[in-house]
Structure formats: structure tokens, C-alpha cells
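Per the working numbering, the very first residue in the sequence shown carries number 333; after that it's consecutive.
Where is the CB? At the ideal position from N, CA and C, for every residue including glycine.
The model shown is predicted, which means the values in this text are computed figures rather than measured ones.
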Amino acid sequence: MLRSGSILILTLVCSALCVAAAEIAASNQVFQVNGVVVEVAPEEKSVRIKHEEIPGYMKAMTMNFDVLDTNELAGLEPGDPVTFRMTVTDTYGWIDQIRKTGPKRNDPPTTGPFRLVRDVEPLNVGDVLPDYTFTNQFGRTFSTSDFRGRVLAINFLFTRCPFPTYCPQTARYFMQTQQRLLSMTNAPTNWHFLTISFDPEFDTPAVLKAYAERYQYDPERWTFATGALIDITAIGEHFGLVFWRDAAAGGFNHNLRTVVIDPKGRVQAIIPGNQWTPEQLLAEIQKAAEMK
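If you want it as C-alpha cells, here you go:
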């Protein structure tokens, strides 16, 4: 009798696990994508590819893709045309089944359309952030100097970016850090988040407000901003942010930067890429809050 009961329990557990696995698989989106290899980084389990438009999901752009198995990268070189399978979930994305489709191409590097820029100096830890003026999600003008006396965490994105480990991840990590700070009894209280869009043509204050609400933002603690492209470009270039629109494809090519400014307006930390965690951001904010 005991044996029969154990078999029944195991059967029910296995069935539940199979159902859960099927639900997870069903939530994945899978695409077949074509592109050209730009850079191979097996030590980072990553490959940078200039990919074609993915209909119904993403415009053509150049971006880094994670691979789960570095054997996928064996033999790949910049210029190789490839086809690959891209899988995305709500919070992660990766590629596999990478296959060369022809001889190496030597395309000249592409440049974005001309835009007016300001000559700015790179900022390092300890440097003071110059003052910039932007427009928030309510259509109100503000200056970065308005946040003096508070730790200011800044990130950059555009709301139409769909890939889960790019713009959605940096917004999600800000949301999780905000939640931690609001729930901690010993957390600093002098902090604010600032998310700046580099797509001012589309990301109007109304669009930014709707996007902010998706990430459960507290408007007293988190501002979403747009503004003049020359100012958005300038503040980003201080920290190594690079973005440009692919005129032919209609999408953006960009990297990622997250910045922490201390209460006196000095740079506390510049965090490149997406290989950071909410815990690391929280630690930088706590350190910055203690700066004198």
C-alpha cells in the first residue's frame, strides 16, 4: 500500500513538473535570424552581430548576444554571414544553432545619420557632472542640478527596445533596486533615479509615463526624461554611452551605461554593459550616500 502511494505521489510530481516545463517553453519566443558577425567574445560567452530586421519583434541593429555554449562560437570570425536561432523569455535572451551561410564579407563600417553634437570631456570617478536640462514624464522641465543633496542613479534606454537583457533589463533592475531601497529600514533616504531616453522623437513625456508605470515607478523617486538630442548625446558621451540610428533599418544601435552620482554632484561609479546586478547598484548608492 505504501509503495503504491509513493508511486502515485511521484507520478503527480512528475506530471506537475512536466506541465510547468511546458508552460515555460510555451512562453518563450523563438526566431530564426540572419546577420553578420562583428565581434566574437568567447570569454564573455557572447557574440556581437549586425542582424537583419526580426519581423514583429525588433528592427535591424548591431548588438551583443549571449550564448549558453561557447562551442557555438568555434570558427566564427568578424565578417562571417550567419543564421541563428534566437530565444527570448520575459527576462532573458540567447542564441544558438549558429551556422555560417557564405564567405566572409568585408563591409565598410556603417555610420548613423548626421546629428549635431557638443564637444564634451569624458568624466571619471570624482569628476563633477555638468548641469543639463531635460523634460520629465509630466512634461515639466528640470535640471540635473535639482538633485544635488541626493544620490542620483542614471541609466539610458529607448522604450521600443524589446530585447530582455538590454533596455528592459536596466529598467527592471532599477525597479528592483527602488523596491529594495523603499523596503529597507536602514536604507539611505537621499536618493533618486533618472532614466534618460535617447529616442526623443518617439519617447514623448506621455510615452515615458506609460513606460514608467510598467516598471512600478515612484514618481517621487524616479524620473523619466526626454530632451534635446544634443543634450542627451552630450551627457551620455561623458560616460562612454554610444547610440545611433540605423537609417536604413529604422532601429537603434547602442551600448549601455549606468551611472551613480553622489550628493555633491560627483561621479561615484560608471557601470558599463549589462553584467551588473541590483545588489551592486544598491551598494554603490549606499556608498555614495555616505560621501562627504
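For residue i versus residue j, is the C-beta distance shorter than 8 Å?
i: PHE556; j: ASP531; result: no
i: PHE488; j: GLY572; result: no
i: THR497; j: ASN360; result: no
i: VAL372; j: LEU408; result: yes
i: GLN548; j: MET516; result: no
i: VAL599; j: GLY458; result: yes
i: THR394; j: ASN585; result: yes
i: THR419; j: PRO374; result: no
i: PHE534; j: MET390; result: no
i: VAL399; j: ASP428; result: yes
Let's test the definition: count the other Cβ atoms within 10 Å of the Cβ of residue i and tell me whether it reaches 16, buried, or not, exposed.
i: SER475; result: exposed
i: GLY559; result: buried
i: ALA620; result: buried
i: PRO595; result: buried
i: GLU622; result: exposed
i: ILE381; result: buried
i: LEU540; result: buried
i: GLU355; result: Here GLU355 scores only 39 on pLDDT, less than 50, and its place in the model is too uncertain to base an answer on.
i: TYR505; result: buried
i: VAL452; result: exposed
i: ARG577; result: buried
i: ASN456; result: exposed
i: LEU514; result: exposed
i: THR473; result: exposed
i: ALA626; result: Lying before the first or after the last residue shown, residue 626 is absent from the chain, which here runs from 333 to 624.
Between residue i and residue j, which are expected to be in contact by the criterion C-beta below 8 Å, what is the C-beta distance as a whole number of angstroms?
i: ALA601; j: GLU616; result: 4 Å
i: ARG512; j: LEU614; result: 6 Å
i: VAL368; j: ARG437; result: 6 Å
On the DSSP letters alone, give me the boundaries of the beta strand (DSSP E) that residue i sits inside.
i: LEU484; result: 483 to 489
i: ALA373; result: 361 to 373
i: LEU526; result: 523 to 529
i: GLY568; result: Careful: GLY568 lies outside any beta strand (DSSP E), inside the alpha helix (DSSP H) at 561 to 569.
Got a sec, what are the start and stop residues for the alpha helix (DSSP H) residue i sits in?
i: VAL399; result: It is not in any alpha helix (DSSP H) - VAL399 carries neither H nor E in the DSSP assignment.
i: LYS619; result: 610 to 621
**Request:** Report yes or no: do the stretch 426 to 439 and the stretch 454 to 468 share at least 3 C-beta pairs separated by less than 8 Å?
**Result:** no
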